[in-house]
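Below is one structure, written out as structure tokens; the observations come after it.
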Amino acid sequence: MIWDRSYSTAPGWKTLIPLLVCSEDLDFGCAVVVTEQVADQDRVHWQRFGVLLTRIDRPESDVDWFEGVPPVSFEREEFMNALDSFRKIIGLKLDWYD
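What follows is the structure, encoded as structure tokens:
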């Protein structure tokens with residue numbers, strides 16, 4: 435799920451990306467730090483950050499957004515290359531991408 439969401443970079447598409455999850459079992463049911471990802475033609479933006487209050491697979495997930503955390507932007511090509519590099523390191527293949 436994390437990889438599917440991370441690669442959701444079609445211009446105008448908005449999705450929540452889990453950044454930090456419980457280390458014990460990687461369960462999304464505990465405190466999960468997320469970012470709201472939005473992309474345009476040239477860049478991928480992490481617009482805001484917060485703690486997920488409901489399950490991430492719901493159509494409208496509730497998030498307690500952090501105040502004072504500035505957005506972060508990445509060049510689209512660099513962002514995609516970084517995702518591809520991480521996947522290569524851990525040996526993950528995505529049927530719909532590879």
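The sequence shown begins at 435 in the numbering used here and counts up by one. Glycine is no exception: its CB is placed at the ideal position from the N, C-alpha and C atoms.
Chain-order list of residues whose beta-carbon lies under 6 Å from that of residue i (same chain, five-residue window excluded)
i, result
"Phe-483", "Thr-469, Phe-500 and Val-503"
"Cys-456", "Cys-464"
Straight-line gap, residue i to residue j (C-alpha atoms, nearest Å)
i, j, result
"Glu-494", "Thr-488", "9 Å"
"Leu-486", "Ser-519", "27 Å"
"Ser-507", "Phe-513", "9 Å"
"Asp-498", "Arg-477", "25 Å"
"Arg-521", "Glu-511", "15 Å"
Contact set for residue i: own chain, Cβ-Cβ below 7 Å, skip 5 residues either direction
i, result
"Ala-444", "Ala-473"
Local conformation of residue i per DSSP, three classes
i, result
"Asp-498", "strand"
"Val-482", "Before going on, a small fix: residue 482 reads as Arg here, not Val. Of the three classes helix, strand and coil, the one that applies to Arg-482 here is strand, per DSSP."
"Ile-451", "strand"
"Arg-510", "helix"
"Arg-489", "coil"
"Ala-516", "helix"
Proximity to residue i [Cα-Cα], best of the options
i, options, result
"Trp-480", "Leu-453, Val-466 and Ile-490", "Leu-453"
"Thr-449", "Asp-476, Ile-490, Arg-477 and Lys-522", "Ile-490"
"Glu-509", "Val-466, Gly-446, Gln-475 and Trp-447", "Gln-475"
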